[in-house]
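As structure tokens, the structure follows; a few thoughts come after it.
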Amino acid sequence: MINKQVNSVHDAVANINDGATVMIGGFGEAGSPIELIHALIDHGAKDLTVVNNNTGSGHVGLAALIENKRVAKMICSFPKSANSFVFPDLYTKGEIDLELVPQGTLAERIRAGGAGVPAFYTATSVGTPLAEGKEVRTIDGRDYVLEYGLTADFSLIKCLKADRYGNLIYNKTARNFAPIMAMAAETTIVQTKEFVEAGEIDPEVVVTPGIFVDQVIVVADPLHESVLVAAGESYP
Amino acid sequence: MSEQQNLGWSRDEMAERAAQDIPNGAYVNLGIGIPEKVARYVPEGREVIYHTENGLLGMGDAPEPGQEDPELINAGKKQVTAIPGASYFHHADSFSMIRGSHIDICVLGAMQVAENGDLANWSTGNPDSIPAVGGAMDLVAGVKTINVITQHVTKKGHPKLIDKCTFPLTGVGVVSRIYTDLAVIDVTPDGFKVVELAPGVDFEYVQERTGCKLIAA
């Protein structure tokens, strides 16, 4: 019988190795798998390349992973949100690398990576500093830059409901990068608020089909990053 | 330059003026800051659908106290609501709506606009700052019509409408129309054309505060 459920967040992240590329879902706190990130801090893997739209807030979640010096490089579109101090500080000191990618290009690179498309052309960033050094091709009279698909060793994402096959649905705008990151990673690890019987999620509304998911861990009452940040919490 | 206080449109009046150009049935993406105010001023009788690039079509107002959901936010990470008939989708779909030219109008802010429509609104190029671009480059490359709302000059009084941007570009030749506190200005093949002046403002006053030659309507 197929059952992708695992018993603890620590079991879920146990195979993440030093130097791994890890995609982490979330746009700000919406969809951030904070319990999985904290388990990854406990696990200790370092020299990670992390793909996320932002760089976390305060001293919890992704910001804590960075603050604990586990991340060698961030690939993101907007690394300086409100309450984001950890990454700017390390970046200014030259202690962390940054690959800045326009948000839609980042999404499409992840989608392409997951879909087996090695590269694509986009008009986004043409004529800007972010296109420097990239191949430009004129198609039907318009210029486009070549961008490469992005894959990862692991993805950590959060959803609302999952079943034992790994079929997922999400909550509102917490969906953001999760479905495409699930496609793009060799191993996709999901924290879900609810675990339901197979068949309870209508096949017509499944957002992420289970083929893209490897491990599911139930976190019934997840922490909210903004609440932790407002309380001045840090991790560990 | 003579200093005249309170001449021209306020921030809300700029947003109100921009809203007049949003047609019934349009799919619209509004940037952070003054552009967000545009939604308040779309004339009654027009139905407009707001897209927020983090993954919602049919964005509504801010939630009532007690109704907030930290997982229902806009691209500025503010908590919002979804209208009846809204839809959620992932980022690649959201930016397909943008890159694939399905969004009709985007209204956003600017640091500089050049007379050929080049836009700079993401970086001053200062090497000590943390570079951050978000979805700005995708929006200007993909949305059918890019309109800008901006003060006519910087806080220090320097022109923001100029012959050539000195800051790093967001997009090349992308801007259609600019709403400033002093005028409505179109980007045309011949340069900036003043199509409307704020009450009490004359053409020469705007020209003095612009970094390149303006064309009168």
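Going down the list, the sequences are from chains A and B. For the first sequence, the residue numbers in the numbering used here are 26 to 261. For the second sequence, the residue numbers in the numbering used here are 56 to 272. All residues carry an ideal CB built from backbone N, CA and C; glycine is no exception.
- prompt: What residue range is occupied by the uninterrupted beta strand (DSSP E) comprising B:Leu85?
  reply: If you number the second sequence from 1, residue 85 of chain B lands on position 30. Unbroken beta strand (DSSP E) run through B:Leu85: 82-85.
task: Could you please give the first and the last residue of the uninterrupted alpha helix (DSSP H) stretch that includes A:Met206?
output: For the purposes of this step, residue 206 of chain A is identified with residue 181 of the first sequence, where counting begins at 1. Its alpha helix (DSSP H) spans residues 203-209.
Contacts around B:Ile138, its chain only, beta-carbon distance under 6 Å, and the 5 residues preceding and following it disregarded: Numbered from its first residue, the second sequence carries residue 138 of chain B at position 83. Excluding sequence neighbours, B:Ile138 sits near Gly113, Gly115.
query: Can you tell me where the beta strand (DSSP E) with B:Ile233 in it begins and where it stops?
result: Here residue 233 of chain B corresponds to residue number 178 of the second sequence, with the count starting at 1. Where B:Ile233 is concerned, the enclosing beta strand (DSSP E) stretches over 230-234.
task: Leaving aside the five residues before and after B:Val256 along the sequence, list all residues of the same chain whose C-beta is less than 7 Å from its C-beta, in chain order.
output: Here residue 256 of chain B refers to the residue found at position 201 of the second sequence. Leu62, Gly63, Leu237, Ala238, listed in sequence order.
message: Against B:Thr179, what residues of chain A qualify as contacts under a CB-to-CB distance less than 8 Å, listed in chain order?
response: Numbered from its first residue, the second sequence carries residue 179 of chain B at position 124. Correct list: empty, because the minimum Cβ distance to chain A is about 12 Å.
task: Pick helix, strand or coil for A:Leu248, following the three-state DSSP scheme.
output: Indexing the first sequence from 1 puts residue 248 of chain A at position 223. Of the three classes helix, strand and coil, the one that applies to A:Leu248 here is coil, per DSSP.
message: I need the DSSP call for A:Glu120, collapsed to helix, strand or coil.
response: Within the first sequence, the letter at position 95 stands for residue 120 of chain A. In the structure shown, A:Glu120 sits in coil (DSSP, three-state: anything other than H, G, I, E or B).
query: Does A:Ile91 come within less than 8 Å of chain B when only Cβ atoms are used?
result: On the first sequence, residue 91 of chain A is found 66 positions in, with the first residue counted as 1. For A:Ile91, the answer is no, since every Cβ of chain B falls outside 8 Å of its Cβ.
message: Buried or exposed, going by whether 16 or more other CB atoms sit within 10 Å of the CB of A:Pro104?
response: The count along the first sequence starts at 1 and reaches residue 104 of chain A at position 79. With 16 or more Cβ atoms within 10 Å of its Cβ, A:Pro104 is classed as buried.
- prompt: Residue range of the alpha helix (DSSP H) that B:Phe150 falls in?
  reply: Start at 1 with the first residue of the second sequence, and residue 150 of chain B comes out as number 95. The continuous alpha helix (DSSP H) containing B:Phe150 extends over residues 146-154.
- prompt: With 16 as the cutoff for other CB atoms within 10 Å, does A:Pro204 come out buried or exposed?
  reply: Here residue 204 of chain A is taken as the residue at index 179 of the first sequence, counted from 1. It is buried - the Cβ of A:Pro204 has at least 16 other Cβ atoms within 10 Å.
- prompt: Cβ of A:Lys71 within 8 Å of Cβ of A:Lys98?
  reply: Position 46 of the first sequence, counted from the first residue, corresponds to residue 71 of chain A. Position 73 of the first sequence, counted from the first residue, corresponds to residue 98 of chain A. No; because the gap between Cβ atoms is not below 8 Å, this pair is not in contact.
Cross-strand partners of A:Arg167 (DSSP beta bridge): Along the first sequence, read from residue 1 onward, the residue named residue 167 of chain A stands at position 142. Beta-bridge pairing links A:Arg167 to A:Ile164.
task: Spell out the partners DSSP gives A:Lys183 in its beta bridges.
output: Along the first sequence, one-based indexing puts residue 183 of chain A at 158. Paired residue(s): A:Gln216.
- request: Express the C-alpha separation of A:Phe220 and B:Leu163 in angstroms, rounding to a whole number.
  value: Here residue 163 of chain B refers to the residue found at position 108 of the second sequence. Here residue 220 of chain A refers to the residue found at position 195 of the first sequence. Roughly 41 Å separates the two Cα atoms.
message: Out of A:Glu172, A:Gly174, A:Leu171, A:Thr198, which one is the CA nearest neighbour of A:Cys184?
response: As a working note, residue 184 of chain A is residue 159 in the first sequence. Checked all of A:Glu172, A:Gly174, A:Leu171, A:Thr198; the closest Cα to A:Cys184 is A:Thr198.
task: Using alpha carbons as the reference points, say which of A:Ala39, A:Glu120, A:Ser106, A:Asn28 lies closest to A:Ser82.
output: Counting from 1 along the first sequence, the entry for residue 82 of chain A is found at position 57. The option with the nearest alpha carbon to A:Ser82 is A:Ser106.
- prompt: Is the Cβ of B:Gly190 closer than 8 Å to any Cβ of chain A?
  reply: Indexing the second sequence from 1 puts residue 190 of chain B at position 135. Yes, B:Gly190 lies at the interface with chain A (some Cβ there is under 8 Å from its Cβ).
message: Which residue wins for smallest C-alpha separation from B:Pro125, given the options A:Phe110, A:Thr217, A:Gly56?
response: Taking the first residue of the second sequence as 1, we reach residue 125 of chain B at position 70. Closest by alpha carbon: A:Gly56.
Positions along the segment 88-113 of chain B whose CB lies within less than 9 Å of some CB in chain A: Thr107, Glu108, Asn109, Gly110, Leu111
task: From the DSSP output, in three-state form, read off A:Pro261 for me.
output: The residue given as residue 261 of chain A occupies position 236 in the first sequence. Here A:Pro261 sits in coil by DSSP.
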